[in-house]
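Novice: Here's a structure for you.
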Amino acid sequence: MFSKLKNDLPAGLVVFLVALPLCLGVALASGAPLLSGVISGVIGGVIVGILSHSNTSVSGPAAGLVTLVLASIAGLGDYRTFLLAVFLAGFIQIAIGFLRGGFIANYIPSNVIQGLLASIGIILILKQIPHAVGFDVDPEEDFIFFQKDGENTFSELFNIINFFSWGAVTIAISSLILMIGYDKTKWKPLKFLPSPVLVILLGVFLNGIFQSFFPEFYLTEKHLVSIPNIKNWESVFFFPNFPAITQTKVWYYAFTIAAFATLETLLNLDAVERIDPHKRLASPNRELVAQGVGNSISGLIGGLPITSVIVRSSVNIYAGAESKLSTIFHGILLSISVVFFGSFLNLIPLSSLAVILIVTGFKLTNINLYRSIYKKGFYQFLPFIATIIAIIFTDLLTGVLIGLSISFIFILKNNYKNPFSVETETLNIGETIRIELPNQVSFLNKASIKDTLWALPENSKLIVDASNCNFIDHDILEVLEEFKTVVSVEKKIQLNLIGLKDSYELSDQVQFVNILDKDAQQKLTPDEILDFLKRGNERFVKGKWSEKYFKHQVNATAFGQNPIAVVLSCIDSRTSPEIIFDAGLGDIISIRIAGNIVNDDILGSLELSCAKIGTKLIVVLGHSNCGAVSSALYALREGNIANITNKIQKAIDESEKIIHPIQKENEHIFNHVVKANVKNSIGEILTHSAFLSEKVNSKEIRIVSGFYDTSSGEVQFFDTI
Numbered sequence: 001m002f003s004k005l006k007n008d009l010p011a012g013l014v015v016f017l018v019a020l021p022l023c024l025g026v027a028l029a030s031g032a033p034l035l036s037g038v039i040s041g042v043i044g045g046v047i048v049g050i051l052s053h054s055n056t057s058v059s060g061p062a063a064g065l066v067t068l069v070l071a072s073i074a075g076l077g078d079y080r081t082f083l084l085a086v087f088l089a090g091f092i093q094i095a096i097g098f099l100r101g102g103f104i105a106n107y108i109p110s111n112v113i114q115g116l117l118a119s120i121g122i123i124l125i126l127k128q129i130p131h132a133v134g135f136d137v138d139p140e141e142d143f144i145f146f147q148k149d150g151e152n153t154f155s156e157l158f159n160i161i162n163f164f165s166w167g168a169v170t171i172a173i174s175s176l177i178l179m180i181g182y183d184k185t186k187w188k189p190l191k192f193l194p195s196p197v198l199v200i201l202l203g204v205f206l207n208g209i210f211q212s213f214f215p216e217f218y219l220t221e222k223h224l225v226s227i228p229n230i231k232n233w234e235s236v237f238f239f240p241n242f243p244a245i246t247q248t249k250v251w252y253y254a255f256t257i258a259a260f261a262t263l264e265t266l267l268n269l270d271a272v273e274r275i276d277p278h279k280r281l282a283s284p285n286r287e288l289v290a291q292g293v294g295n296s297i298s299g300l301i302g303g304l305p306i307t308s309v310i311v312r313s314s315v316n317i318y319a320g321a322e323s324k325l326s327t328i329f330h331g332i333l334l335s336i337s338v339v340f341f342g343s344f345l346n347l348i349p350l351s352s353l354a355v356i357l358i359v360t361g362f363k364l365t366n367i368n369l370y371r372s373i374y375k376k377g378f379y380q381f382l383p384f385i386a387t388i389i390a391i392i393f394t395d396l397l398t399g400v401l402i403g404l405s406i407s408f409i410f411i412l413k414n415n416y417k418n419p420f421s422v423e424t425e426t427l428n429i430g431e432t433i434r435i436e437l438p439n440q441v442s443f444l445n446k447a448s449i450k451d452t453l454w455a456l457p458e459n460s461k462l463i464v465d466a467s468n469c470n471f472i473d474h475d476i477l478e479v480l481e482e483f484k485t486v487v488s489v490e491k492k493i494q495l496n497l498i499g500l501k502d503s504y505e506l507s508d509q510v511q512f513v514n515i516l517d518k519d520a521q522q523k524l525t526p527d528e529i530l531d532f533l534k535r536g537n538e539r540f541v542k543g544k545w546s547e548k549y550f551k552h553q554v555n556a557t558a559f560g561q562n563p564i565a566v567v568l569s570c571i572d573s574r575t576s577p578e579i580i581f582d583a584g585l586g587d588i589i590s591i592r593i594a595g596n597i598v599n600d601d602i603l604g605s606l607e608l609s610c611a612k613i614g615t616k617l618i619v620v621l622g623h624s625n626c627g628a629v630s631s632a633l634y635a636l637r638e639g640n641i642a643n644i645t646n647k648i649q650k651a652i653d654e655s656e657k658i659i660h661p662i663q664k665e666n667e668h669i670f671n672h673v674v675k676a677n678v679k680n681s682i683g684e685i686l687t688h689s690a691f692l693s694e695k696v697n698s699k700e701i702r703i704v705s706g707f708y709d710t711s712s713g714e715v716q717f718f719d720t721i
């Protein structure tokens, strides 16, 4: 944590300068003692900063809770009873953290979080423009659209025409030029200070010049930071009214404060992680415990409710903070500033702070963000824009809830569409419909699943595969149970229900196994069989293997086999035909020999497969990175290996006539040799087997070449005969 002092201390100073007027403003807007905002700022910085695992989040009194604080103080009757509610709210947050309630943060859509960030950027720009030009009627921390003075964000912009100050405008323009130029230039004589600190110093300096030489430009107290004087400690610290702990309404407000503070913290924590250049994550549960401890202490000594605050956090990140030391340092500065540095801090123009916040706002909302969300599609863009508009015209929590509601509508709409895959397999044994359920199946999928199942025709064969499901909602299990026990029985649908967890009340069942009988085998054409192998390989490549029910297949094939194809392939451990073609037990005859070469034994096996067992398709399958071909290329002839490599040598010789010289390490040339070797094997089959040659000529069987890519898992078929 202390390894980045040169980054964290200046960043902490910048955050402190921005946070101080915000702390005072939140307290003023909340109807609380003025220094209560500073107390919660100190606790948020030091206590929460130490306990939190977040490197960039800054906590303190939040403008988003101003309305709730006002209502709570009014509802409870006095400030000390309100402090008791804050104290209890802290313990509730601690309990939520220990119960791992922070998981809620994982279910907030990213487009809503991005909308939150963009809206905060827009609000910062709109709300700080009046302060930048010297119209300081609206409090610095007021981020709500409808203001207490009857104005709103837009009307306030029109009012600046009549009330702006040339001194504030001069300071703002000078500060903006300095901040942008300093961040872009490579020459930084004061590089240990971030640009926001220089902006503050420039503002104080210019206002001093105005006072001495241009009094008409001089900014008076109402345009400067205003820290109250501390007359006695009794006016600073207030303590909870503990006897009121038995009142029901105290607990009501405690739970309400805890709920709102928790939600705002989780939202801001997620948002802060998105703009962190290092994309570091913090445990939301640990953060809730830290916030809870902070709120309990804040309520105990007179502070306001604390949350993670996006404005301060974003300033912290853009000021160059690397660790939570900047947050802690800003809290320490808050604690000593009121006592020791009040006179100097009261010299800082609000227009200087406004420029810092405006630049931060532009970093939060930029055209590239809008473009990237727009490219993701309408369903992503609309909730994003809705969140922005809602937050601008209401407040953070209300706006986010509106954005979440719109996102939820789209989620419902998308879930009504089939969230599962439906495939139909046909192979002369009837049509089989396969429904593969996704990883999570919630009640939101109920309507689409029910509509699909109930619409199946009578006498269908159906496989419902839940093998990939980690969770199936009880409502979905009820739908499957109704279909299994009633609908499938009445409609005479054969149902295989597989992959269900043992913990579910509903259990697996297998009512049929797709095994070819002799009659179905005889009806198949070579083209249909080849298409079956192609579809099987497509499933293998996509990782969507069909359930095999090997136990049932063993029983079904115990007294005979009726395979559809014979595959002559290499002995390579990566090229098992049954796997790469996603075939079941008894579907394929597999003949394997190094280099997929042909000899008398291989010919006998092929003739037996076609003449006696009834297969109609022969696949000669080579593959990339073949060890046998590699051995032949490097002229490996030791012992019986020569029986293999000598056969492959013919393919090498033929390839040299086309590609010269043969480069052993060239993948394209290597694969050319593999394919040439496959063609030679087919040539030997047709040359040395009169039976197979006759069957090919009469179109009763077919021989195809195949090339298996060991990198992708895909089989390419070529040169069919």
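With UniProt numbering applied, the sequence shown corresponds to residues 1 to 721, in that order.
Beta carbons: idealized from backbone N, C-alpha and C, even for Gly.
Remember, predicted model here, so these are calculated numbers, not experimental data.
1. Can you give me the C-alpha to C-alpha distance between G377 and T452, rounded to a whole angstrom?
2. What residue does the alpha helix (DSSP H) around H688 start on, and which one ends it?
3. Could you tell me the boundaries of the alpha helix (DSSP H) in which Q291 lies?
4. Counting only the same chain and skipping the five closest in sequence on each side, list residues whose C-beta sits under 6 Å from that of T220.
5. Under a three-way DSSP split, which group does I306 fall into?
6. Identify the residues that DSSP records as bridge partners of residue 733: which are they?
7. DSSP three-state label for N496, please.
8. What does the Cβ neighbour count give for F238, buried or exposed, with the cut at 16 atoms within 10 Å?
9. If you compare alpha carbons, which of I257, E322 and P383 is closest to P277?
10. Per DSSP, T575 is paired with what?
11. Nearest to I449 by CA position, among I493, S351 and F483, is which residue?
12. To which residues of the same chain is I402 closer than 8 Å at the C-beta, ignoring the five residues directly before and after it?
13. So P240 is in the alpha helix (DSSP H); what residue range does that whole segment cover?
14. Less than 7 Å separating the beta-carbons of S631 and T645?
15. Does the pairing of the segment 594–614 with the segment 674–688 give three or more beta-carbon distances under 8 Å?
16. CB-CB under 8 Å to V46, same chain, minus the five flanking residues each way: which ones, in chain order?
17. Would you call the CB atoms of K30 and V69 closer than 7 Å?
18. I306 to A261, Cα distance in whole Å?
19. Between L456, N697 and G203, which lies nearest to S488 when the distance is taken from Cα to Cα?
20. Near Q440, what residues of its chain come up, given a Cβ to Cβ distance below 7 Å and the 5 sequence neighbours on each side ignored?
21. Taking 7 Å as the cut-off, decide whether the C-beta atoms of F217 and G167 are in contact.
22. Pick out whichever of G134, I104 and N241 has its Cα sitting closest to the Cα of S87.
23. On the DSSP bridge list, what partners appear for D465?
24. Judging by CA-CA distance, which residue of I392, I73 and I406 is the nearest neighbour of V250?
25. Run the proximity test for L692: is its beta-carbon closer than 6 Å to any non-hydrogen atom belonging to the ligand HEM?
26. If you compare alpha carbons, which of W545, Q561, V225 and E684 is closest to A583?
27. Taking only three categories from DSSP, how would you classify G586?
28. Kindly indicate which three-state DSSP category I92 falls into: helix, strand or coil?
29. Run through DSSP, which three-state label would H474 get?
30. What do you reckon, are the CB atoms on residue 737 and E287 nearer than 7 Å?
31. Is it true that the CB of A11 sits closer than 7 Å to the CB of A319?
32. For R592, which of helix, strand or coil comes out of DSSP?
33. Give me the residue from F341, I317, L462 and I227 with the minimum Cα distance to P350.
34. Could you give the first and the last residue of the continuous alpha helix (DSSP H) run that contains P61?
35. Roughly how many whole angstroms lie between the Cα atoms of Q494 and T432?
36. My output table needs one value for A321: the three-state DSSP class, helix, strand or coil.
Specialist: Considering the structure as presented:
1. If you number the sequence shown from 1, residue 377 lands on position 377. If you number the sequence shown from 1, residue 452 lands on position 452. Straight-line Cα distance between these residues: approximately 27 Å.
2. Translated into positions along the sequence shown, residue 688 becomes position 688. Run containing H688: E667 to H688, per the alpha helix (DSSP H) assignment.
3. Your numbering for residue 291 matches position 291 in the sequence shown. Segment P284 to I301, the alpha helix (DSSP H) holding Q291.
4. The sequence position of residue 220 within the sequence shown is 220, counting from 1. Result list for T220: empty, nothing under 6 Å.
5. Residue mapping note: residue 306 aligns to position 306 of the sequence shown, counting from 1. Strand, per DSSP.
6. No answer is possible for residue 733: the residues shown for the chain start at 1 and end at 721.
7. For the purposes of this step, residue 496 is taken as the residue at position 496 of the sequence shown. Strand, per DSSP.
8. What you label residue 238 is simply residue 238 of the sequence shown in a count that begins at 1. That one is buried.
9. Reading the sequence shown from its first residue, position 277 is the one you call residue 277. Considering only alpha carbons, the answer is E322.
10. The residue given as residue 575 occupies position 575 in the sequence shown. Answer by DSSP bridge pairing: none, since T575 is not bridged.
11. For the purposes of this step, residue 449 is taken as the residue at position 449 of the sequence shown. If we check each option's Cα against that of I449, F483 comes out closest.
12. Taking the first residue of the sequence shown as 1, we reach residue 402 at position 402. Around I402: A386, T387, A390 and T394.
13. Reading the sequence shown from its first residue, position 240 is the one you call residue 240. First-last for P240: undefined, no H or E at that position.
14. Indexing the sequence shown from 1 puts residue 631 at position 631. Indexing the sequence shown from 1 puts residue 645 at position 645. It is a contact, given that the beta carbons lie within the stated cut-off.
15. yes
16. Counting from one through the sequence shown, the residue named residue 46 turns up at place 46. So the list reads I328, G331, I332 and S335, once near-sequence residues are dropped.
17. Numbered from 1 along the sequence shown, position 30 holds the residue referred to as residue 30. Numbered from 1 along the sequence shown, position 69 holds the residue referred to as residue 69. Correcting the residue type first, residue 30 is Ser in the shown sequence and not Lys. It is a contact, given that the beta carbons lie within the stated cut-off.
18. Start at 1 with the first residue of the sequence shown, and residue 306 comes out as number 306. Start at 1 with the first residue of the sequence shown, and residue 261 comes out as number 261. Distance between the alpha carbons of I306 and A261: 7 Å.
19. One-based indexing of the sequence shown puts residue 488 at position 488. Of the listed residues, the one whose Cα sits closest to S488 is L456.
20. Here residue 440 refers to the residue found at position 440 when the sequence shown is read from its first residue. Closer than 7 Å at Cβ, skipping near neighbours: N470 and F471.
21. Counted from its first residue, the sequence shown places residue 217 at position 217. Counted from its first residue, the sequence shown places residue 167 at position 167. In contact: F217 and G167 (Cβ atoms closer than 7 Å).
22. Position 87 of the sequence shown holds residue 87. It is Phe, not Ser, that sits at residue 87 in the sequence shown. Checking every option, the nearest Cα to that of F87 belongs to N241.
23. As a first step, residue 465 must be located in the sequence shown, where it is residue number 465. Per DSSP, E436 and I498.
24. Position 250 of the sequence shown, counting from 1, holds the residue named residue 250. Nearest of I392, I73 and I406 to V250, Cα basis: I73.
25. Looking for the ligand HEM in the displayed structure turns up nothing, as the structure carries no ligands at all.
26. Counted from its first residue, the sequence shown places residue 583 at position 583. For the residues W545, Q561, V225 and E684, the minimum Cα distance to A583 belongs to W545.
27. Within the sequence shown, numbered from 1, the residue matching residue 586 stands at position 586. G586 falls in the coil class under three-state DSSP.
28. Taking the first residue of the sequence shown as position 1, residue 92 is located at position 92. Residue state, collapsed to three classes: helix.
29. If you number the sequence shown from 1, residue 474 lands on position 474. H474: helix per DSSP, three-state reduction.
30. Residue numbering for the chain in the displayed model covers 1 to 721; residue 737 lies beyond these limits and cannot be assessed.
31. By 1-based counting over the sequence shown, the position of residue 319 is 319. By 1-based counting over the sequence shown, the position of residue 11 is 11. Yes, they are a contact pair.
32. Stepping through the sequence shown from its first residue, residue 592 is reached at position 592. Looking at R592 - three-state DSSP - the assignment turns out to be strand.
33. Along the sequence shown, one-based indexing puts residue 350 at 350. The sequence shown places Leu at residue 350, rather than the Pro named in the question. Per the Cα distances, I227.
34. The residue given as residue 61 occupies position 61 in the sequence shown. First-last for P61: S59 to P61, but that is the beta strand (DSSP E), not the alpha helix (DSSP H).
35. The residue labelled residue 494 in the question sits at position 494 within the sequence shown. The residue labelled residue 432 in the question sits at position 432 within the sequence shown. Approximately 10 Å between the Cα atoms of the pair.
36. The residue given as residue 321 occupies position 321 in the sequence shown. Reduced to three states, the DSSP call for A321 is coil.
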